[in-house]
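Colleague: Before I ask anything, let me first share the structure, which is written out below as structure tokens.
Residue numbers (the numbering used here): 1 to 553.
In structure tokens form, the structure reads like this:
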């Protein structure tokens with residue numbers, strides 16, 4: 001009896017070899033964040049005193065102001081736009097509802113470059129104003145784009161779709177019976193929006209807002225270009241300026257703590273209050289048909305947002321790119337294109353492959369460790385790229401030093417940097433950062449396959465791997481392609497991790513655009529920036545079509 005109990009206990013606690021392999025992989029992917037936090041055991045009193053006396057307060061205040069301001073702005077803007085396209089019927093609404101998603105294809109650092117070129121003192125807008133009114137420098141006031149408020153505005157313009165997409169789905173699924181019940185109680189349209197519609201959509205609104213705040217915490221390109229001191233810029237300065245890796249890791253740990261607290265608060269808010277609604281399309285609230293003048297006014301007001309967040313920057317980038325096409329579209333540009341697409345392609349295949357393995361492992365096993373592993377590898381998307389880069393570089397550097405010590409000891413030769421100085425470091429960082437994106441798509445596709453198909457395939461003598469390759473993968477091909485595209489574009493746009501971990505003299509489109517813009521060569525930055533935006537349009541258009549197919553009524 002006791003032997004049977006012990007055997008059963010070990011079977012429940014110790015997973016099989018497949019789960020053990022996944023446990024090792026998830027531990028490896030969780031190592032960068034663990035390394036960042038273990039740096040706290042090595043105090044750096046002198047450097048922290050210096051930071052506290054000089055810039056630490058700016059890092060904390062600016063990061064919090066940036067995140068909360070962006071979150072509030074995206075909540076108000078994205079929620080309002082979602083309510084307008086769901087609640088009202090007007091000419092151009094169908095086109096508007098997918099155009100509102102386009103700013104997702106525009107990285108924040110690229111929109112920052114374009115608006116700097118447009119709104120700076122030497123830009124076309126201020127130059128035209130001075131020429132028209134005869135003003136000179138100092139005789140007029142113009143908002144400063146290179147500021148904290150400018151960074152907030154840029155991030156809101158490109159991040160509001162996170163809230164818009166989730167809020168649009170939540171509003172569209174609300175039942176017509178709720179509206180009818182509120183009308184019978186004499187509740188006006190405005191009171192219905194405040195007292196019924198908003199509370200019902202609260203989980204979606206908070207989830208979207210949390211996403212925008214995490215993106216704001218993680219931003220590096222915009223705040224660095226605008227000269228705003230935040231944790232992300234501080235990590236770079238401490239690492240490369242002061243030459244202190246441990247202190248940089250401790251700053252990264254502090255930033256990571258803010259992000260994790262935000263993530264926990266968002267999950268707590270969803271668990272605290274839950275609203276249930278029926279998703280029957282026939283039972284959803286009919287839209288209010290507006291008269292032509294009111295409809296045109298609403299269309300113009302709503303269209304102003306994607307105009308500023310997508311079309312104006314793209315137009316300016318096109319002007320710059322065409323003006324410099326003869327000088328820039330050269331072998332260097334094609335090399336950048338090849339580097340970026342090769343790196344993004346390899347990363348996408350690797351990450352989606354791992355996502356398939358994890359999702360299938362979750363389907364096969366109900367072991368408690370599997371749930372922990374899925375949560376561990378899904379955490380990476382909430383961690384800023386700067387933090388992940390620091391966490392990746394430290395252990396790989398230690399590994400390189402160990403390998404070189406052994407090679408010098410036994411073979412009297414040095415093998416150099418074979419991990420931290422190669423694409424291995426970048427691929428590991430991308431995997432930690434974006435595995436969650438692929439896992440969500442693959443897992444949702446796998447969940448739609450009925451378990452009876454697995455049983456039928458196994459009854460025909462197919463092993464679990466053969467069931468995956470012959471049955472599951474062909475069925476969920478669309479989900480896999482979607483995951484590949486999303487990861488491909490995310491890797492293409494990723495800036496801070498690429499800046500820190502890229503091999504010597506290995507540039508990508510994102511790095512090139514950043515470097516040109518940092519040198520005030522905005523015209524030269526246009527071509528790589530446009531290539532990134534063009535690639536980003538593919539998953540955005542797919543997402544818009546999926547939303548229209550599922551939610552249109």
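For each residue, glycine too, the CB sits at the ideal point set by N, CA and C.
Once DSSP output is grouped into helix, strand and coil, what is the label at residue 278?
Modeller: Locating residue 278 in the chain shown gives position 278, counting from the first residue. With a pLDDT of 48 at residue 278, under the threshold of 50, the predicted position of this residue should be treated as unreliable, and no value is reported.
Colleague: Would the beta-carbon of residue 598 fall within 8 Å of that of residue 231?
Modeller: What the structure shows of the chain is the stretch from 1 to 553, and residue 598 is not part of that stretch, so it cannot be assessed.
Colleague: By Cβ distance below 7 Å, which residues in the same chain neighbour residue 503 in space, the five residues on each side in sequence not counted?
Modeller: Position 503 of the chain shown, counted from the start, is the residue given in the question as residue 503. Result list for residue 503: 421, 422, 423, in chain order.
Colleague: So, is residue 291 buried or exposed, given that buried needs 16 or more other C-beta atoms within 10 angstroms?
Modeller: Residue 291 sits at position 291 when you count from the first residue of the chain shown. By the 10 Å Cβ count, residue 291 comes out exposed.
Colleague: Straight-line CA distance for residue 318 to residue 517?
Modeller: Working through the chain shown from its first residue, we reach residue 318 at position 318. Working through the chain shown from its first residue, we reach residue 517 at position 517. When rounded, the distance between both Cα atoms is 16 Å.
Colleague: With a 10 Å radius around its C-beta and 16 neighbouring C-beta atoms as the bar for buried, classify residue 124 as buried or exposed.
Modeller: As a position in the chain shown, residue 124 is number 124, starting the count at 1. Looking at its Cβ environment, which holds fewer than 16 other Cβ atoms inside 10 Å, residue 124 is exposed.
Colleague: How many Å lie between residue 21 and residue 28 at the Cα?
Modeller: Taking the first residue of the chain shown as 1, we reach residue 21 at position 21. Taking the first residue of the chain shown as 1, we reach residue 28 at position 28. One C-alpha to the other measures close to 11 Å.
Colleague: Would you be able to state if there are at least three C-beta pairs under 8 Å between the stretch 306 to 318 and the stretch 456 to 465?
Modeller: no
Colleague: Is the beta carbon of residue 100 closer than 8 Å to that of residue 81?
Modeller: Taking the chain shown and counting its residues from 1, the one referred to as residue 81 is at position 81. Taking the chain shown and counting its residues from 1, the one referred to as residue 100 is at position 100. A contact, by the Cβ cut-off of 8 Å.
Colleague: Which of the three DSSP states, helix, strand or coil, is assigned to residue 541?
Modeller: Residue mapping note: residue 541 aligns to position 541 of the chain shown, counting from 1. Note: residue 541 maps to helix in three-state DSSP.
Colleague: For residue 555 versus residue 492, is the C-beta distance shorter than 8 Å?
Modeller: In the structure as shown, the chain begins at 1 and stops at 553. Residue 555 is therefore absent and cannot be evaluated.
Colleague: By the three-class DSSP mapping on this structure, what secondary structure does residue 89 have?
Modeller: Taking the chain shown and counting its residues from 1, the one referred to as residue 89 is at position 89. DSSP places residue 89 in strand when its eight states are reduced to three.
Colleague: Three or more C-beta pairs under 8 Å: does that hold for the stretch 86 to 105 against the stretch 145 to 162?
Modeller: yes
Colleague: Under 8 Å, with one C-beta from each stretch per pair, do the stretch 386 to 399 and the stretch 233 to 249 reach the 3-pair mark?
Modeller: Yes, they touch.
Colleague: Give every residue of the same chain whose Cβ lies closer than 6 Å to the Cβ of residue 530, excluding the five residues on either side of it in the sequence, and list them in chain order.
Modeller: Reading the chain shown from its first residue, position 530 is the one you call residue 530. 317, 321.
Colleague: Per DSSP, residue 288 forms a beta bridge with which residues?
Modeller: Within the chain shown, residue 288 is the residue found at index 288, counting from 1. Beta-bridge pairing links residue 288 to 88.
Colleague: Just curious, the alpha helix (DSSP H) that residue 219 is in, first and last residue?
Modeller: Numbered from 1 along the chain shown, position 219 holds the residue referred to as residue 219. Note, residue 219: premise wrong, no alpha helix (DSSP H); not H, not E.
Colleague: Hey, how far is the Cα of residue 301 from the Cα of residue 131?
Modeller: As a working mapping, residue 301 is identified with position 301 in the chain shown. As a working mapping, residue 131 is identified with position 131 in the chain shown. Taking the straight line joining both Cα atoms gives about 30 Å.
Colleague: What would DSSP say about residue 357, mapped onto helix, strand or coil?
Modeller: Taking the chain shown and counting its residues from 1, the one referred to as residue 357 is at position 357. DSSP, read as helix, strand or coil, puts residue 357 in helix.
Colleague: What are the uninterrupted segments assigned as alpha helix (DSSP H) that are 4 or more residues long and contained completely in the stretch 40 to 127, given in chain order?
Modeller: 45 to 54, 56 to 87, 93 to 99, 108 to 119
Colleague: Have a look at residue 488 and residue 379 and give me their C-alpha separation to the nearest angstrom.
Modeller: In the chain shown, residue 488 corresponds to position 488, counting from 1. In the chain shown, residue 379 corresponds to position 379, counting from 1. C-alpha separation (whole angstroms): 19 Å.
Colleague: Hey, is the stretch 303 to 313 in contact with the stretch 103 to 122, meaning 3+ C-beta pairs nearer than 8 Å?
Modeller: yes
Colleague: Please classify residue 519: does DSSP put it in a helix, a strand, or coil?
Modeller: Within the chain shown, residue 519 is the residue found at index 519, counting from 1. In this structure, residue 519 counts as coil in the three-state DSSP scheme.
Colleague: What separation, rounded to the nearest whole angstrom, lies between the Cα atoms of residue 222 and residue 354?
Modeller: Working through the chain shown from its first residue, we reach residue 222 at position 222. Working through the chain shown from its first residue, we reach residue 354 at position 354. Rounded to whole angstroms, residue 222 to residue 354 spans 31 Å at the Cα level.
Colleague: Check for me: the alpha helix (DSSP H) holding residue 455 runs from which residue to which?
Modeller: Your numbering for residue 455 matches position 455 in the chain shown. Residues 451 to 459.
Colleague: How many Å lie between residue 145 and residue 410 at the Cα?
Modeller: Numbered from 1 along the chain shown, position 145 holds the residue referred to as residue 145. Numbered from 1 along the chain shown, position 410 holds the residue referred to as residue 410. Each residue's alpha carbon lies about 58 Å from the other.
Colleague: Considering just the uninterrupted stretch of the alpha helix (DSSP H) at residue 370, what are its terminal residues?
Modeller: Taking the first residue of the chain shown as position 1, residue 370 is located at position 370. Segment 368 to 378, the alpha helix (DSSP H) holding residue 370.
Colleague: Mapping the DSSP letters down to three states, classify residue 570 as helix, strand or coil.
Modeller: Residue 570 is absent from the structure shown; the chain starts at 1 and stops at 553.
Colleague: Which residues in the same chain have their Cβ closer than 8 Å to the Cβ of residue 467, if we skip the five residues on either side of it in sequence?
Modeller: Start at 1 with the first residue of the chain shown, and residue 467 comes out as number 467. Once the five neighbours on either side are set aside, the close Cβ partners of residue 467 are 454, 457, 458.
Colleague: Is the beta carbon of residue 385 less than 8 Å from the beta carbon of residue 494?
Modeller: Within the chain shown, the letter at position 385 stands for residue 385. Within the chain shown, the letter at position 494 stands for residue 494. Yes. Within cutoff.
Colleague: Is the Cβ-Cβ distance between residue 269 and residue 205 less than 8 Å?
Modeller: The sequence position of residue 269 within the chain shown is 269, counting from 1. The sequence position of residue 205 within the chain shown is 205, counting from 1. No, the Cβ-Cβ distance between residue 269 and residue 205 is not below 8 Å.
Colleague: Could you give the distance in angstroms between the alpha-carbon of residue 442 and the alpha-carbon of residue 89?
Modeller: Residue numbering aside, residue 442 sits at position 442 when the chain shown is read from its first letter. Residue numbering aside, residue 89 sits at position 89 when the chain shown is read from its first letter. Cα-Cα distance, rounded: 35 Å.
Colleague: Starting from the C-beta of residue 36, find all residues in its chain whose C-beta is less than 7 Å away, skip the five residues before and the five after it, and write them out in chain order.
Modeller: If you number the chain shown from 1, residue 36 lands on position 36. For residue 36, where only same-chain residues beyond five positions count, the Cβ hits under 7 Å are 249, 252, 253, 256, 387, 390, 391.
Colleague: Does the stretch 351 to 365 touch the stretch 398 to 408, meaning 3 or more C-beta pairs lie closer than 8 Å?
Modeller: no
Colleague: Please classify residue 381: does DSSP put it in a helix, a strand, or coil?
Modeller: In the chain shown, counting from the first residue as 1, residue 381 sits at position 381. Of the three classes helix, strand and coil, the one that applies to residue 381 here is helix, per DSSP.
Colleague: Can you tell me whether DSSP reads residue 145 as helix, strand or coil?
Modeller: In the chain shown, counting from the first residue as 1, residue 145 sits at position 145. DSSP places residue 145 in coil when its eight states are reduced to three.
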